[in-house]
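Numbering follows our numbering, in which position 106 of the sequence shown is assigned residue number 106; successive positions increment by one, without gaps. A quick write-up on the structure given underneath.
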Amino acid sequence: MSAGNVCIITGSATGIGAACAVELARRGWRTVINFTKSEAEAQQTARECEKHGGETLLIRADVSQDADCRRMADATLQKWGRIDGLINNAGITKVAFNHADLNALSAEDFQKVYSVNVVGAFQMIRAVEPSMRQQGHGSIVNVSSRAGIDSIGTSIAYAASKGALNTMTMGLARALGPEIRVNAVCPGFVETRWLQQAIGDKYDKARTRFASNSALQKTSTPEDIADVAVWLLTGAPTVTGELILVDGGNRLGAPPR
1 MSAGNVCIIT GSATGIGAAC AVELARRGWR TVINFTKSEA EAQQTARECE
51 KHGGETLLIR ADVSQDADCR RMADATLQKW GRIDGLINNA GITKVAFNHA
101 DLNALSAEDF QKVYSVNVVG AFQMIRAVEP SMRQQGHGSI VNVSSRAGID
151 SIGTSIAYAA SKGALNTMTM GLARALGPEI RVNAVCPGFV ETRWLQQAIG
201 DKYDKARTRF ASNSALQKTS TPEDIADVAV WLLTGAPTVT GELILVDGGN
251 RLGAPPR
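If you want it as structure tokens, here you go:
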């Protein structure tokens, strides 16, 4: 896919989504910056994209609402007439680090987390699928998590939602081919405001512990994850249905001393 193409990035006011938008702008892509509450940050992300010559469209939308997903796709088509890529980055969690405490989560907690992390991603894919099919190509990247592979992280509800997103990634890669590729990037510890807010005052200790237990001895930045997501979106023409783990080799453990 060449310069001038269009990508919708959900949850792109800050963090990984914002980093994806800026990297795509550097490559000449036009991007939809989506936010629910962080309007000032979304505007700043748009300005960063525009510094690199990238056109942007800011849309406040809640991906858990199907009407909002369809409105976002329609607004994109009205402005630019095409949708070449989608990065499903919007995500939420319910913090309950003690996975053995089954009373820390309610059915409503699961439903809320799933409504964004799984249903929201599905609804966005459904909203962009017709235009991608019509133009004969499209690429979708779901921002998942290592939590969905190893059932770790902020809560069982979050891990389960990312596991479901991974399964959906593989299923839709099969269902939407050959025109549309669907892949997922599965980050480990990423230095974002989102994770800082989730972990709280134990953030620095958790970051140090994660890095020291990793083969590469470091955590990831939003830009590190964006590099992989953008590669899956714009390159890798024969890669679909893959779950790419990006955790600095934490799953492998620390190097021998």
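For glycine and all other residues, C-beta sits at the position ideal for the given N, C-alpha and C. Since this is a predicted model, take the numbers as computed values, not measurements.
Since residue i and residue j should fall inside the 8 Å C-beta cutoff, what is the C-beta to C-beta distance between them, to a whole number of angstroms?
| i | j | result |
| --- | --- | --- |
| Ser212 | Ala254 | 6 Å |
| Ala21 | Thr36 | Not confirmed; about 16 Å, so no contact. |
| Gly136 | Glu179 | 6 Å |
| Ala173 | Gly241 | 3 Å |
| Gly11 | Arg193 | Not a contact, Cβ separation roughly 12 Å. |
| Gly280 | Leu216 | Residue 280 lies beyond the stretch modelled for the chain, which goes from 1 to 257, so this question has no answer here. |
| Ile244 | Leu252 | Actually they are not in contact, since the Cβ atoms of Ile244 and Leu252 sit about 15 Å apart, beyond 8 Å. |
| Val116 | Ile92 | 5 Å |
| Cys69 | Met124 | 5 Å |
CB-CB under 6 Å to residue i, same chain, minus the five flanking residues each way: which ones, in chain order?
| i | result |
| --- | --- |
| Thr156 | Residue identity differs from the one stated: residue 156 is Ile in this sequence, not Thr. So the qualifying residues of the chain are His99. |
| Lys79 | Leu57 |
| Thr154 | Thr93, Val95 and Ala198 |
| Ser214 | Gly248, Gly249 and Asn250 |
Could you name the residues of the same chain whose beta carbon sits closer than 7 Å to that of residue i, not counting the 5 residues immediately before and after it, in chain order?
| i | result |
| --- | --- |
| Gly148 | Ala159, Lys162, Gly163, Leu165, Asn166 and Cys186 |
| Ser2 | Unreliable placement is indicated for Ser2, whose pLDDT of 46 sits below 50; the coordinate value is still reported in the next sentence. Excluding positions up to five away in sequence, the list is empty. |
| Arg26 | His52 |
| Leu176 | Glu129 and Val182 |
| Ala118 | Looking at the sequence provided, one finds Val at residue 118 rather than Ala. So the list reads Ser161, Ala164, Leu165 and Met168, once near-sequence residues are dropped. |
Would residue i be called buried (16 or more neighbouring beta carbons within 10 Å of its own) or exposed?
| i | result |
| --- | --- |
| Ala18 | buried |
| Arg47 | exposed |
| Lys94 | buried |
| Ser106 | exposed |
| Thr169 | buried |
| Asp101 | exposed |
| Gly54 | buried |
| Ala67 | exposed |
| Arg146 | buried |
Leaving out five residues before and five after residue i in sequence, what residues of the same chain have Cβ atoms less than 8 Å from its Cβ?
| i | result |
| --- | --- |
| Glu23 | Glu223, Ala226, Asp227 and Val230 |
| Gly4 | Gly28, Trp29 and Arg30 |
| Ala269 | The question about residue 269 has no answer here: the residues shown for the chain are numbered 1 through 257. |
| Ala104 | Ala96, Asn98 and Ser155 |
Is residue i close to chain D, meaning its C-beta is less than 8 Å from at least one C-beta of that chain?
| i | result |
| --- | --- |
| Tyr114 | Looking for chain D here will not work: only one protein chain is present. |
Please determine if the region 105-116 and the region 45-59 are in contact, where contact requires at least 3 C-beta pairs separated by less than 8 Å.
no
Decide if the region 75-87 is in contact with the region 137-148; the criterion is three or more beta carbon pairs, one per stretch, under 8 Å apart.
yes
In chain order, which alpha helix (DSSP H) runs of at least 4 residues are fully inside the region 43-117?
66-80 and 107-114
Which ranges would you report for the alpha helix (DSSP H) in the region 8-38 if only whole runs of at least 4 residues count?
15-26
Contact the region 70-86 vs the region 130-137: 3+ CB pairs below 8 Å:
yes
Segments of 3+ residues assigned as beta strand (DSSP E) that fall wholly inside the region 148-198:
180-187
Please give the ranges of any alpha helix (DSSP H) in the region 195-244, keeping only runs that are unbroken, at least 4 residues long and fully inside the region.
203-212 and 222-234
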